[in-house]
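If you're matching positions, the sequence shown starts at 69 in our numbering and goes up one per residue. Some notes on the structure that comes next.
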Amino acid sequence: MSESTDLIITNADVHTCDSTSSRAEAVAVSGGLITAVGAAADVAALATRGTDVVDVGGRMVMPGLIDIHAHLLTGGTAITWELPLQPEDTLDDILTAVRAHAKITPPDEWIIGGVVGSSVMDRLAEGGYLPALDAAAGGRPVLLRDHSYHNRWVNSKALQLMGVDRNTPNPPDGTIVRDRDGGLTGVLYESACTVAERAATASISDPAARDRVAMRNAIEHMNSFGITAVQDAATLEPSLRALSELDDANGLTSWIVASLPARPWMSDATVGPQLYAAAVQHRRAQVRPDFAKLFLDGVPTTRTSALLEPYICHGAHEDPADTGPLFWTDSELIAELELCQEAGLGAKLHATGDRSVRQALDAFEVMRQRHGTQSIFHIAHVEYVAPADVSRFAALGVVADASPYIWFPTPFEGSIKNQVPPSIFDRSWPLRELLDHNALLAAGSDWPIVPTPNPWNALETLVTRASPDSRVGGRTNPAGAITLREGIMAFTSSGARAMGMADTIGALVPGRSADFIVLDQNLFDVDTSAIHRTEVLQTYFRGRRVHGTEL
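Listed below in structure tokens is the structure:
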């Protein structure tokens, strides 16, 4: 061998996740790349002076995981700077937490936190709870994000700073929620949240420094779960700046594919063609702004997902014909995809309803007819897909981005079930059908929409469709369950293909980046219900250990 071997991992149960799901005993690394995978004796012969030989004691080794859908800066900011709330928290729990946080918060500083569970948000939207939040905050402005991150609850001080009163009109594609008497509830839906986020951001003295810390913490958090590649799902210039600066300082321990919003999303930052052009200066070896991001609809909990059938009607105050909005016309959507094509970008389309999924597929069909298969297209979330549209994913070469991790009984799913008709809800997350029709399935957390990006919870529930918490009964559409091997591929080689990085990551084969993890248990040797307990003992990125200690 002409070059030295930097690292050998041996006495391992190596799962390569290549096209044949082959197994091995050892891996050799040089210059950040895998140079050999095979029998322990054969790989040992490649050792040179100074080779670091790590005996993992027979443990399972597999590629670093790929999260196809996360919001890194938002998640990093949440775990670094903000008030943590859990989706299971009651309204009393939330008010107690705000009250305690107010005691350590300067009088003029915002209290920002989340997440507020969907069932609580449903209650808040009825009105009458704003005085309680005002009292808990002690005069400080408050902004709390809901479980979907598409909606907010703010207090009276925040509304004042936002310049919003009972006469303020709703913005396009958003709602300032009022009670039946027209009074403000403090609840904001979709684009109305942008005004609140703008006011809160204006209060931060050095946002760039804050963003760098938050982004670094987000990546380290991902590494701790074995994640070494992420597709950031809505990447604005502050994120691009933080990522490129981390990479320049040799401090970025993950591959990042960025998705650039085509329209404003919860901020006034640059979007669309201006952002597509600006992103070029932030491109690095590990930072790849290769996708645009478009939101076709909202979320089902607030009846803003676009459905093919009407939402459940709970009374005279709701429209029995309501099927939710589409945020783009067909012609607008195709025109934007043409701009993406000109910019050399793929496209990730947020579509949480079966009608928005169909709109996305129809638009992609037009683009395939015009331009062939050169661009990568994703439909993000795929919770609801009409039976007639399942086979179109493979036929059109569209990636099924399965996110967030809520394909099992959760409070969020319970709130959705209260809104979405059974004919649609009972078929939720049809992942088995998508795979049976040869769709490319990749998995993403949508963190911090879910409280943790822990992929082991997700992997278990892809197989069981039951909660990892044995106290929670039931299964969500068990017919949609997939196998463990299929789930692993969704987090490895399929994720790499979905991000356009199949030649670089996703499998332990010579020539790929040396991104791999050492686990405390063999996923194929334990009961499926124990997968969520998996601990990552070590994470390696480009041949360097970035999480864990010596074994």
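Think of the CB as a built atom: it goes at the ideal place given N, C-alpha and C, for glycine as much as any other residue.
Exposure of Asn525, with buried meaning 16 or more beta-carbon neighbours within 10 Å: buried
Candidates Arg423, Trp497, Ala113: closest to Trp396 by CA position: Arg423
Cβ-Cβ distance between Ile134 and Thr296 below 9 Å: Yes, the Cβ-Cβ distance between Ile134 and Thr296 is below 9 Å.
Three-state secondary structure (DSSP) of Gln51: For residue 51 there is no data in the structure shown, the boundaries of the chain being 69 and 619.
Nearest neighbour of Pro25, chosen from Tyr379, Asp358, Ala360, Lys361 [CA to CA]: The question about residue 25 has no answer here: the residues shown for the chain are numbered 69 through 619.
Near the ligand SAM: Pro306 beta-carbon under 8 Å from a heavy atom: The ligand SAM is not part of this structure, which contains no ligands at all.
8 Å contact criterion, which Thr321 and Phe609 should meet: CB distance rounded: 5 Å
Inter-residue Cα distance where the pair is Leu23 and Arg495: The shown model of the chain, from 69 to 619, leaves out residue 23, and the question about it has no answer.
Sequence-distant residues of the same chain with beta carbon closer than 6 Å to Leu401, five excluded per side: The answer, listed in chain order, is Ala431.
6 Å CB neighbourhood of His169 in its chain, flanking five on each side removed: Leu151, Ile179
As assigned by DSSP and simplified to three states, the class of Ala94: strand
First and last residue of the uninterrupted alpha helix (DSSP H) at Lys225: Start and end: 224-230.
Proximity below 9 Å, CB of Cys341 to CB of Ala411: Rather than Cys, the amino acid found at residue 341 in this sequence is Pro. Going by C-beta atoms, Pro341 is nearer than 9 Å to Ala411.
With 16 other Cβ atoms within 10 Å as the buried cut-off, status of Ser72: exposed
Any alpha helix (DSSP H) of 4 or more consecutive residues that is wholly inside the stretch 401-475: At a cut-off of 4 residues, the continuous stretches assigned as alpha helix (DSSP H) that sit fully inside the stretch 401-475 are 422-439, 460-464.
Local Cβ density within 10 Å of Asp504, reported as buried at 16 or more and exposed below that: exposed
For Pro275 and Asp387, the rounded distance between their alpha carbons: 42 Å
Proximity winner among His615, Ser597, Thr596, Ala598, relative to Val604 (alpha-carbon distances): His615
First and last residue of the uninterrupted alpha helix (DSSP H) at Lys485: 479-485
Spatially closest choice to Asp249 from Thr551, Arg234, Thr88, by CA coordinates: Arg234
Check whether Asn223 and Val210 have beta carbons under 9 Å apart: The Cβ atoms of Asn223 and Val210 sit closer than 9 Å to each other.
Neighbourhood of Ser292 by C-beta, 8 Å cutoff - its chain only, sequence neighbours within 5 removed: Val604, Thr607, His615
CA-to-CA distance, Leu101 to Ile573, given in whole angstroms: Roughly 10 Å separates the two Cα atoms.
Residue burial classification, Met69 (beta-carbon count within 10 angstroms, cutoff 16): Legend: pLDDT at Met69 = 43, less than 50; position of this residue unreliable, value from coordinates given subsequently. Exposed.
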